[in-house]
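Following the numbering used here, the numbering of the sequence shown begins with 26 at its first residue and continues without gaps.
Note that CB positions come from ideal geometry on N, CA and C, so glycine has one too.
Please read all numbers here as calculations on a predicted model, not as lab measurements.
For reference, the structure discussed in these notes is given below.
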Amino acid sequence: MTIIAPTPRLLAALLVLASTLGPAHAAPDDAAVAAHINGAPVHALTLRALQHQARDQPGRPSAEAVLADIVADRLQADWSRARFSAAQLYPASTVGFAPEVGVDDRLVGLLRSMYAKELEATLRGLPGGTLAGAIEATFPLEPKQLDRLFGAPRALRLGYDFSAEQAALAAKTPLLRYRLGSAPPVTLTLGDVYQRQNVQGRMDFFNRKLDFIYQQARLRMAGLFVLDWADRQFGAQALADLRQALSEQEAVRGAMRQYGLADGAEAHSPLQTALARQVTQAEIGAFYTAHKEQFRRTEKVRARHIRVNSEALATRIAAEAAAGKDFGLLARRHSTAPNAAGGGDLGWVLQTDEPDWLSALALLQPEGKVSSPFRAPVGPGATATWDILLVEKRVEGFHPPDSETVRYMARKAIAHERARTEFAAARSKLVRAATVAVNRKLLDEQARGAAGAP
């Protein structure tokens with residue numbers, strides 16, 4: 026998981042610091058354990074899996090950096106859950122899945138990516154050489170069952186959640202039974218599959234889309250096959266540790282969203298909004314002085330335009346002007362605007378709080394380049410027109426320090442930095458306070474393996 030701050034290198038240094046200066050703890054020598062955090066193990070499977078997950082990140086993080094993130098996430102996940110509610114960490118979405126379902130799907134997908142060949146070899150050992158060969162029975166859903174489960178067909182509904190009675194019935198309604206090798210058979214119920222659906226999936230259940238329902242049952246069986254294989258290969262504790270690490274990533278991402286540090290979350294962060302309200306005018310002034318280049322704007326432009334009533338004609342004129350024909354001459358010949366006789370001269374177009382549409386476009390154009398035709402925003406029933414612009418000179422300047430633009434941008438930037446600093450400081454403090462013991466031999470082996478990976 027990529028954390029905005031501190032950097033992976035700093036976190037790795039903090040991890041080493043914690044293991045060196047923290048209370049004594051024997052370094053793990055078990056090949057199945059990558060580290061201990063406050064006495065609790067981080068399994069080697071977790072390190073291998075999350076390093077595999079990070080393989081496409083810029084610079085391909087080292088084993089030390091990945092382990093540093095695992096340690097920090099484990100500690101900060103508890104901090105996140107204590108600081109924010111589940112509803113805040115995992116905001117409801119009209120199309121989203123339950124958090125535990127998302128973690129489970131990530132776990133299965135990661136294992137499939139890492140062990141595709143091994144899983145394929147195991148599949149070939151099933152009857153028929155496919156997962157379908159493990160299915161012992163499929164149980165049809167009868168119309169009366171469907172009525173009890175989902176109510177009357179095509180009924181108007183306010184939602185697609187089961188009542189307690191419907192949920193109890195779904196938990197006893199089998200969809201398919203399968204067996205893997207000599208293990209006891211497993212029966213998947215409608216309740217097992219339904220609870221893994223998002224809103225659209227639940228709608229399809231209530232709409233009695235039987236093909237979809239049984240397809241989802243087979244997909245769940247495929248996921249359980251992967252988890253069963255991993256459990257037998259690595260043990261229940263290692264698999265649970267990897268699942269925990271993925272869940273911790275989600276919790277920390279949720280906290281980052283609350284801090285406005287996740288992609289697209291800044292505009293929806295109450296914490297950053299509160300921090301922005303605390304920014305003083307003196308701080309805005311200091312930020313403006315230190316970052317004045319961020320407030321550069323176009324003060325005015327000297328521009329010409331050509332207005333015509335045909336898009337085809339506008340396109341042809343723009344091409345001629347771009348090829349070097351005199352813009353003023355083309356304006357006098359073709360433009361229908363009042364300033365045509367003056368070569369379409371708009372004079373100096375000034376930056377104002379509410380420029381008209383043509384002025385706003387002119388202020389955005391690069392100097393010396395003929396624009397493409399722009400269709401004027403005319404009202405219903407009015408004749409459509411197209412304008413071509415040429416900016417002959419630009420004069421650059423800065424937003425005034427007391428402008429609303431400066432206040433808004435400075436408050437936003439200062440609040441973002443304070444949120445980032447607070448989040449990073451909490452992360453660093455948690456790592457420094459932890460007792461971490463690292464399996465250096467395993468890390469070195471991981472580093473050598475990563476160096477040889479494609």
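Taking only three categories from DSSP, how would you classify LYS350?
Start at 1 with the first residue of the sequence shown, and residue 350 comes out as number 325. In the structure shown, LYS350 sits in coil (DSSP, three-state: anything other than H, G, I, E or B).
Per-residue burial, LEU371 [other beta carbons within 10 Å of its own, 16 or more giving buried]:
For this step, residue 371 is matched to residue 346 along the sequence shown. In the assembly as shown, LEU371 is a buried residue. Its beta-carbon has 16 or more other beta-carbons within 10 Å.
What is the DSSP secondary structure of PRO48, reduced to helix, strand or coil?
Walking along the sequence shown from the start, residue 48 turns up at place 23. No answer about PRO48 holds up, because its pLDDT of 37 lies below 50 and its placement is not dependable.
How should THR212 be labelled, buried or exposed, when 16 other C-beta atoms within 10 angstroms of its C-beta is the threshold for buried?
One-based indexing of the sequence shown puts residue 212 at position 187. The residue in question, THR212, is exposed, as its Cβ has fewer than 16 Cβ neighbours within 10 Å.
For GLY513, report the span of its alpha helix (DSSP H) as first-last.
Because the chain in this structure spans residues 26 to 479, residue 513 falls outside the shown range and cannot be described.
Alpha helix (DSSP H) containing ARG233: first to last residue?
For the purposes of this step, residue 233 is taken as the residue at position 208 of the sequence shown. Note, ARG233: premise wrong, no alpha helix (DSSP H); not H, not E.
Starting from LEU383, trace the alpha helix (DSSP H) both ways and give me its first and last residue.
Within the sequence shown, numbered from 1, the residue matching residue 383 stands at position 358. Run containing LEU383: 382-389, per the alpha helix (DSSP H) assignment.
Leaving out the 5 sequence neighbours to the left and right, which residues in its chain are closer than 7 Å to TYR115 when beta-carbon positions are compared?
Position 90 of the sequence shown, counting from 1, holds the residue named residue 115. Cβ neighbours of TYR115 beyond the five flanking positions: PRO124, GLY279.
Contact check, THR487 vs ASN334, beta carbons under 9 Å
The chain is shown only over 26 to 479; residue 487 falls outside these bounds and no answer can be derived.
Can you give me the start and stop residues for the beta strand (DSSP E) that LEU414 sits inside?
Here residue 414 refers to the residue found at position 389 of the sequence shown. DSSP places LEU414 in the uninterrupted beta strand (DSSP E) bounded by 411-423.
Helix, strand or coil for PRO66 per DSSP?
Sequence index remark: in the sequence shown, residue 66 carries index 41 (1-based). In the structure shown, PRO66 falls within a strand segment according to DSSP collapsed to helix, strand and coil.
Contact between the stretch 442-456 and the stretch 359-378: three or more CB pairs below 8 Å?
Not touching, per the Cβ criterion.
In chain order, what residues of the same chain have a beta carbon less than 6 Å from the beta carbon of PRO83, not counting five sequence neighbours either side?
Locating residue 83 in the sequence shown gives position 58, where the first residue counts as 1. Cβ neighbours of PRO83 within its own chain (closer than 6 Å, five residues either side excluded): none.
Out of LEU467, VAL461, ASP469, ARG473, which has the shortest C-alpha to C-alpha gap to GLY64?
For the purposes of this step, residue 64 is identified with residue 39 of the sequence shown, where counting begins at 1. Ranking the options by Cα distance to GLY64, first place goes to VAL461.
Please state if the CB of TRP373 and the CB of VAL416 are separated by a distance shorter than 9 Å.
Along the sequence shown, read from residue 1 onward, the residue named residue 416 stands at position 391. Along the sequence shown, read from residue 1 onward, the residue named residue 373 stands at position 348. Cβ distance not < 9 Å, so VAL416 and TRP373 don't count as in contact.
Classification of THR305 by the beta-carbon crowding that lies within 10 angstroms, buried from 16 upward
Numbered from 1 along the sequence shown, position 280 holds the residue referred to as residue 305. Label assigned to THR305: exposed.
Would you report the Cα separation of ASP256 and LEU286, rounded to the nearest angstrom?
Residue mapping note: residue 256 aligns to position 231 of the sequence shown, counting from 1. Residue mapping note: residue 286 aligns to position 261 of the sequence shown, counting from 1. When the Cα atoms are used, ASP256 and LEU286 turn out to be separated by approximately 35 Å.
The alpha helix (DSSP H) with ARG457 in it runs from where to where?
Indexing the sequence shown from 1 puts residue 457 at position 432. Counting along the chain, the alpha helix (DSSP H) containing ARG457 begins and ends at 429-458.
Is the number of C-beta pairs between the stretch 152-168 and the stretch 245-256 that are closer than 8 Å three or more?
At 8 Å Cβ cutoff, the stretches touch.
Do LEU136 and VAL251 come within 9 Å of each other at the CB atom, strictly closer than that value?
As a position in the sequence shown, residue 251 is number 226, starting the count at 1. As a position in the sequence shown, residue 136 is number 111, starting the count at 1. When the beta-carbon positions are compared, VAL251 and LEU136 come within less than 9 Å of each other.
Look up ILE95 in the DSSP assignment and say whether it is helix, strand or coil.
Taking the first residue of the sequence shown as position 1, residue 95 is located at position 70. Three-state result, ILE95: helix.
So, under 8 Å CB-CB, PRO398 and ALA356 are touching, yes? Tell me the CB distance rounded to an integer number of Å.
As a position in the sequence shown, residue 398 is number 373, starting the count at 1. As a position in the sequence shown, residue 356 is number 331, starting the count at 1. That belief does not hold up - the Cβ atoms of PRO398 and ALA356 are roughly 14 Å apart, past 8 Å.
Can you find the residues in the same chain that come closer than 6 Å, C-beta to C-beta, to GLN390, ignoring five residues on each side of it along the sequence?
Taking the first residue of the sequence shown as position 1, residue 390 is located at position 365. These residues qualify, in order along the chain: SER396, LEU414, VAL416.
Could you tell me the alpha carbon to alpha carbon distance between ASP98 and SER294, rounded to whole angstroms?
As a working note, residue 98 is residue 73 in the sequence shown. As a working note, residue 294 is residue 269 in the sequence shown. Rounded to whole angstroms, ASP98 and SER294 show a C-alpha spacing of 21 Å.
Within the continuous alpha helix (DSSP H) that includes ALA159, where are the two ends?
The residue given as residue 159 occupies position 134 in the sequence shown. Taken as a continuous stretch (DSSP letters only), ALA159 belongs to no alpha helix (DSSP H), as it is neither H nor E.
DSSP-derived helix/strand/coil call for ALA328
Working through the sequence shown from its first residue, we reach residue 328 at position 303. Correct three-state label for ALA328: strand.
Pairwise C-alpha distance: GLY289 and LEU375:
Here residue 375 is taken as the residue at index 350 of the sequence shown, counted from 1. Here residue 289 is taken as the residue at index 264 of the sequence shown, counted from 1. Looking at the two C-alpha atoms, the distance is approximately 33 Å.
Can you name, in chain order, every residue of its own chain whose Cβ lies under 8 Å from the Cβ of GLU421, other than the five neighbours on each side?
The residue you call residue 421 lines up with position 396 of the sequence shown. Excluding the 5 residues flanking it on each side, GLU421 has same chain C-beta neighbours closer than 8 Å at ARG321, ARG322, THR323, GLU324, in chain order.
Inspect the beta-carbon positions of ARG489 and PHE231 and report whether they are closer than 9 Å.
There is simply no residue 489 to check, as the chain begins at 26 and stops at 479 in what is shown.
Taking DSSP's pairing of strands, which residues face SER372 in a bridge?
Within the sequence shown, the letter at position 347 stands for residue 372. Reading off the sequence, residue 372 comes out as Gly, not Ser. The secondary-structure analysis by DSSP pairs GLY372 across a beta bridge with ALA328.
Quick check: what's the CA-CA separation for VAL126 versus PRO165?
The residue given as residue 126 occupies position 101 in the sequence shown. The residue given as residue 165 occupies position 140 in the sequence shown. The straight-line gap from Cα to Cα measures roughly 26 Å.
Which term fits GLY150, buried or exposed, when burial requires 16 or more other beta carbons within 10 angstroms of its beta carbon?
Your numbering for residue 150 matches position 125 in the sequence shown. Result: exposed.
Any idea if LEU468 is buried or exposed, counting beta-carbon neighbours within 10 angstroms, 16 or more meaning buried?
Within the sequence shown, the letter at position 443 stands for residue 468. Counting Cβ neighbours within 10 Å, LEU468 comes out buried, since at least 16 surround it.
Consult DSSP for ALA462 and reduce its assignment to one of helix, strand or coil.
Here residue 462 refers to the residue found at position 437 of the sequence shown. DSSP places ALA462 in strand when its eight states are reduced to three.
Does chain D have any CB closer than 9 Å to the CB of PRO116?
Protein chains in the displayed structure number just one, and chain D is not present.
Count the other C-beta atoms from every protein chain shown that fall within 10 angstroms of the C-beta of VAL403, then say buried if there are 16 or more, exposed otherwise.
For the purposes of this step, residue 403 is taken as the residue at position 378 of the sequence shown. The residue is exposed, with fewer than 16 neighbouring Cβ atoms inside 10 Å.
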